[in-house]
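**Student:** Can you read through this structure? Questions will come right after.
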């Protein structure tokens, strides 16, 4: 019984320390270039979309948690593109990296996941070029 109480207390302390991240301690700074691509899928059909790998300049990056500050904004841009193309209700995500080599590795991994084996062969994979869709930089104002 004491071990269970100790375990619960330990989990509570870990959870509190995880959620009490102070914004002042976070190292949020602009990075000159971030590489990004978008991915879109729908539960209603088997069509999957990939955007080209694109370069975004002057993105604010939180070094402590390895996260770009406006990531939901970029996902929303892709979602809005599909909504305007009469394809609402698509799940859109963006995948990013700080180096070109790293993003190319992630891009190939995603492509292999959906086109590599017989289990996922039923997907219709389509690609959006930068002429069709391009991410716009989030206009961040320094606080």
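Numbering (our numbering), first residue to last: 201 to 343.
Using N, Cα and C, we set each Cβ at its ideal position, and we do this for glycine too.
So for residue 235, helix, strand or coil by DSSP?
**Tutor:** For this step, residue 235 is matched to residue 35 along the chain shown. Correct three-state label for residue 235: strand.
**Student:** Please state if the CB of residue 337 and the CB of residue 252 are separated by a distance shorter than 8 Å.
**Tutor:** Numbered from 1 along the chain shown, position 52 holds the residue referred to as residue 252. Numbered from 1 along the chain shown, position 137 holds the residue referred to as residue 337. No. Outside cutoff.
**Student:** Tell me the DSSP secondary structure of residue 252 in three-state form.
**Tutor:** Taking the first residue of the chain shown as 1, we reach residue 252 at position 52. Three-state DSSP puts residue 252 in coil, outside helix and strand.
**Student:** Starting from residue 326, follow the beta strand (DSSP E) in both directions and report where the run begins and ends.
**Tutor:** Counted from its first residue, the chain shown places residue 326 at position 126. 324-328 is the span of the beta strand (DSSP E), which, as asked, contains residue 326.
**Student:** Report buried or exposed for residue 325, applying the criterion of at least 16 other Cβ atoms within 10 angstroms of its Cβ.
**Tutor:** Residue mapping note: residue 325 aligns to position 125 of the chain shown, counting from 1. It counts as exposed.
**Student:** With a threshold of 16 other CB atoms inside 10 Å of the CB of residue 240, please say whether the residue is buried or exposed.
**Tutor:** Residue mapping note: residue 240 aligns to position 40 of the chain shown, counting from 1. So residue 240 ends up on the buried side.
**Student:** For residue 270, report the span of its alpha helix (DSSP H) as first-last.
**Tutor:** Counting from 1 along the chain shown, the entry for residue 270 is found at position 70. Unbroken run through residue 270: none, as it is neither H nor E.
**Student:** Can you tell me which of 303, 262 and 250 puts its alpha carbon nearest to the alpha carbon of residue 145?
**Tutor:** Any property of residue 145 remains undetermined from this structure, which presents the chain solely from 201 to 343.
**Student:** May I ask you to list the residues that DSSP assigns as paired with residue 241?
**Tutor:** Sequence index remark: in the chain shown, residue 241 carries index 41 (1-based). Answer is 291, bridged to residue 241.
**Student:** Determine the closest residue to residue 329 out of 294, 254, 285 and 311, with distance taken between C-alpha atoms.
**Tutor:** Within the chain shown, numbered from 1, the residue matching residue 329 stands at position 129. The option with the nearest alpha carbon to residue 329 is 254.
**Student:** Around the C-beta of residue 290, are 16 or more other C-beta atoms found within 10 angstroms, so that it is buried, or is it exposed?
**Tutor:** Against the chain shown, residue 290 aligns to sequence position 90. Looking at its Cβ environment, which holds 16 or more other Cβ atoms inside 10 Å, residue 290 is buried.
**Student:** Taking C-alpha atoms, which residue in 302, 244 and 339 lies nearest to residue 288?
**Tutor:** The residue you call residue 288 lines up with position 88 of the chain shown. Nearest option by C-alpha distance: 244.
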